[in-house]
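For what it's worth, full-length UniProt numbering labels the leading residue of the first sequence as 1, then goes sequentially.
Quick notes on the structure that follows.
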Amino acid sequence: MAIDKISTLSSKLRWGELEEDDGEDLDFLLPPRQVIGPDENGIKKVIEYKFNDDGDKVKITTTTRIRKLAKARLSKRAVERRSWAKFGDAVHEDVGSRLTMVSTEEILLERPRAPGTKAEETKAAGDSMAQLAKGGAVLMVCRTCGKKGDHWTSRCPYKDLAPQPEGFIDKPPTSEGPGAASGAGKNTYVPPGLRAGAERTGTDMRRRNDENSVRVTNLSEDTREPDLLELFRTFGAVSRVYVAVDQKTGLSRGFGFVNFVNKEDAERAINKLNGYGYDNLILRVEWATPRSN
DNA sequence: AATGAGCGG
């Protein structure tokens with residue numbers, strides 16, 4: 001740092017007086033501060049003017065080296081990166097001017113999917129959009145027969161006729177049939193027991209067996225599901241018991257259903273328990289008609 | 001007298 005005396009204040013303006021006056025600041029009398037550089041060597045000069053304690057006007061030159069110091073801390077690679085051309089949002093920035101940018105670029109993530117299914121998906125989405133435009137909701141498209149707005153896959157009237165989905169990748173799906181139309185089963189894992197050629201037992205385990213459903217009416221008001229189970233399980237495996245309960249009052253509505261795994265057991269239960277006295281009432285036990293939607 | 005809830009894409 002260099003300090004050069006430039007001039008001495010006039011006798012009129014004594015430093016001591018100035019300080020004691022209302023702290024008046026005479027810096028406005030001084031030339032403005034100047035900053036030169038830093039140059040290519042990282043040399044930066046700051047020139048400022050001040051009054052010293054004796055009231056002399058002095059020029060203070062401060063010389064610092066920035067770049068050199070900074071460079072010493074940077075790795076070679078980091079220094080090299082500074083010369084890289086800017087790209088993206090920083091393309092209009094000067095080389096070396098800014099090291100980081102906040103990216104506003106949109107990144108779309110792709111869902112990994114087997115190739116070839118994309119077009120179908122897009123098309124299906126398009127169909128849905130078209131339906132929405134017409135004002136209809138697009139819930140309920142049967143995956144078995146492809147019919148829209150009529151039934152869920154689990155209630156498809158053709159579910160027993162439809163070809164079962166083929167096995168895993170080693171067996172390509174058939175190109176015709178309603179199953180293929182909906183794209184169901186394609187590249188989808190199918191458990192061995194359900195693959196084509198697997199042994200089929202008489203009962204289809206994927207379906208809830210509403211077939212062996214028994215309706216029980218004239219139950220006393222305090223009969224609950226555990227009671228029904230106790231009463232009916234003596235005839236065979238029971239898959240479900242249900243007692244209709246009023247949603248508001250929580251009171252039993254006096255009837256319920258019992259589902260049997262085996263039809264014969266259901267039949268025997270009906271024969272034995274219909275007309276049977278339970279609590280203080282005579283039970284009615286008969287086949288239940290399949291429930292509506 | 002009386003025929004269930006809820007689950008989806």
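All C-beta atoms in this analysis are idealised placements derived from N, C-alpha and C, irrespective of residue type, glycine included.
- Query: With 16 other CB atoms within 10 Å as the buried threshold, where does F232 fall?
  - Reply: Counted from its first residue, the first sequence places residue 232 at position 232. That one is buried.
- Is G256 near L219, with beta carbons less than 8 Å apart? Translated into the one-based positions of the first sequence, residue 256 becomes position 256. Translated into the one-based positions of the first sequence, residue 219 becomes position 219. Yes. Within cutoff.
- Query: DSSP on T61, reduced to helix/strand/coil?
  - Reply: As a position in the first sequence, residue 61 is number 61, starting the count at 1. DSSP places T61 in strand when its eight states are reduced to three.
- Just the C-alpha distance for D54 and I43, rounded to the nearest angstrom, thanks. In the first sequence, counting from the first residue as 1, residue 54 sits at position 54. In the first sequence, counting from the first residue as 1, residue 43 sits at position 43. Roughly 31 Å between the two C-alpha positions.
- Classify A269 as buried or exposed, calling it buried when 16 or more other Cβ atoms lie within 10 Å of its own Cβ. As a first step, residue 269 must be located in the first sequence, where it is residue number 269. A269 comes out buried.
- Best match in R155, S75, S252 and K248 for proximity to R291 [C-alpha to C-alpha]: By 1-based counting over the first sequence, the position of residue 291 is 291. The shortest Cα separation from R291 among R155, S75, S252 and K248 belongs to R155.
- Query: Assuming E225 contacts V241 under a Cβ cut-off of 8 Å, what Cβ separation, rounded to an integer in Å, is found between them?
  - Reply: Taking the first residue of the first sequence as 1, we reach residue 225 at position 225. Taking the first residue of the first sequence as 1, we reach residue 241 at position 241. Rounded, the Cβ-Cβ distance is 5 Å, consistent with contact.
- Task: Identify every residue that forms a DSSP beta bridge with I270.
- Result: Taking the first residue of the first sequence as 1, we reach residue 270 at position 270. Note: I270 sits in no beta bridge, so no partner.
- Query: When the Cα of N274 is compared with those of G88, V46, K147 and T217, which residue comes out closest?
  - Reply: Looking up residue 274 in the first sequence gives position 274. Per the Cα distances, T217.
- Message: Three or more C-beta pairs under 8 Å: does that hold for the stretch 85 to 99 against the stretch 28 to 35?
- Response: no
- Query: According to DSSP, is G88 helix, strand or coil?
  - Reply: As a position in the first sequence, residue 88 is number 88, starting the count at 1. Here G88 sits in helix by DSSP.
- Message: For a test of the three-state rule: what should DSSP assign to E264, helix, strand or coil?
- Response: The residue labelled residue 264 in the question sits at position 264 within the first sequence. Here E264 sits in helix by DSSP.
- Query: Between the beta-carbon of N52 and the beta-carbon of V58, is there less than 8 Å?
  - Reply: Translated into positions along the first sequence, residue 52 becomes position 52. Translated into positions along the first sequence, residue 58 becomes position 58. In this structure, V58 lies closer than 8 Å to N52 by Cβ.
- Leaving out five residues on either side along the sequence, give the residues of the same chain with a beta carbon under 6 Å from the beta carbon of A237. Counting from 1 along the first sequence, the entry for residue 237 is found at position 237. So the qualifying residues of the chain are V261.
- Query: By the 10 Å Cβ neighbour count, where 16 or more other Cβ atoms means buried, how is V102 classified, buried or exposed?
  - Reply: Mapped onto the first sequence, residue 102 falls at position 102. The residue in question, V102, is exposed, as its Cβ has fewer than 16 Cβ neighbours within 10 Å.
- Message: Which residue marks the beginning of the beta strand (DSSP E) containing V95, and which one marks its end?
- Response: Indexing the first sequence from 1 puts residue 95 at position 95. Looking at the DSSP string, V95 is not in any beta strand (DSSP E), and its letter there is neither H nor E.
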